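Each number in our numbering corresponds to the 1-based position in the sequence shown with 1167 added.
What follows is a set of notes on a single structure, which appears directly below.
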Amino acid sequence: MTALLGAAVDRGITFFDTAEVYGPYLNEELVGEALAPFRERAVIATKFGFDISPNSDPRGMKGSPGLNSRPEHIKEAVEGSLKRLKVEAIDLLYQHRVDPNVPIEEVAGAVKELIQEGKVKHFGLSEAGVQTIRRAHAVVPVTALQSEYSRSVEKA
């Protein structure tokens, strides 16, 4: 996989998207290792928002890891992602899923602090509705949106 990602960069692929939950953690480690020699030519996006810690319920209420976008958890997740990706700053940090237990303003505020600290360059949302996007953008610019068709997508 490392050789494949290197060949992709050599062929002009410059955007790579991963998440701490993929693996968990293994995909970020792979991407970090593979793209280290190409860092100046690659943009790396990663995501936070699931509780995949050893003490969490790994399957959550609906068969997937539970959501966790509390500001302190976001900061912990980013520290881990920075190490695994072998970068000083994450180019694009997405909230993987909207956490109904944490106001989006708190999520955006935590990411804004990480941007001010130089640990994150841009903020994105995945599977968010229009009002959530607007509320987040009022706190910190939302640079990217990611969405897949799903019945679980937050209603606008």
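Cβ coordinates follow ideal geometry from the N, Cα and C atoms, glycine included.
Because the structure is a prediction, the values reported are computed rather than measured.
Environment of residue i [buried if 16+ CB atoms lie within 10 Å]
{"i": "Ser1248", "result": "buried"}
{"i": "Glu1170", "result": "The amino acid occupying residue 1170 in the given sequence is Ala; Glu does not appear at that position. By the neighbour-count rule (16 or more Cβ atoms within 10 Å), Ala1170 is not buried but exposed."}
{"i": "Leu1202", "result": "buried"}
{"i": "Ile1180", "result": "exposed"}
Short Cβ contact (7 Å threshold) for residue i with residue j
{"i": "His1289", "j": "Leu1259", "result": "yes"}
{"i": "Lys1286", "j": "Val1254", "result": "no"}
{"i": "Ile1300", "j": "Val1309", "result": "yes"}
{"i": "Thr1185", "j": "Val1176", "result": "no"}
{"i": "Leu1292", "j": "Gln1262", "result": "yes"}
{"i": "Val1278", "j": "Ser1236", "result": "no"}
{"i": "Leu1234", "j": "Asp1266", "result": "yes"}
{"i": "Pro1238", "j": "Phe1217", "result": "no"}
Span of the alpha helix (DSSP H) around residue i
{"i": "Lys1279", "result": "Ile1271 to Gln1283"}
{"i": "Val1306", "result": "Val1297 to Val1306"}
Segment limits, beta strand (DSSP E) that includes residue i
{"i": "Ile1312", "result": "As written in the sequence, residue 1312 is Leu, which differs from the Ile given in the question. Unbroken beta strand (DSSP E) run through Leu1312: Val1309 to Gln1313."}
{"i": "Gly1247", "result": "From DSSP, Gly1247 is part of no beta strand (DSSP E) but of the alpha helix (DSSP H) over Pro1238 to Leu1252."}
{"i": "Asp1266", "result": "Neither: Asp1266 is in no beta strand (DSSP E) and is coded neither H nor E."}
{"i": "Lys1288", "result": "Val1287 to Ser1293"}
Alpha-carbon to alpha-carbon, residue j and residue i
{"i": "Val1297", "j": "Ile1219", "result": "27 Å"}
{"i": "Phe1206", "j": "Glu1200", "result": "Inspection of the sequence shows that residue 1206 is occupied by Arg rather than by Phe. If you take the alpha carbons of Arg1206 and Glu1200, they lie about 10 Å apart."}
{"i": "Val1274", "j": "Phe1215", "result": "11 Å"}
{"i": "His1304", "j": "Ile1271", "result": "10 Å"}
Runs of alpha helix (DSSP H) wholly within the region 1173-1217 (minimum 4 residues, chain order): Those alpha helix (DSSP H) runs which fall completely within the region 1173-1217 and span 4+ residues are 1193-1202.
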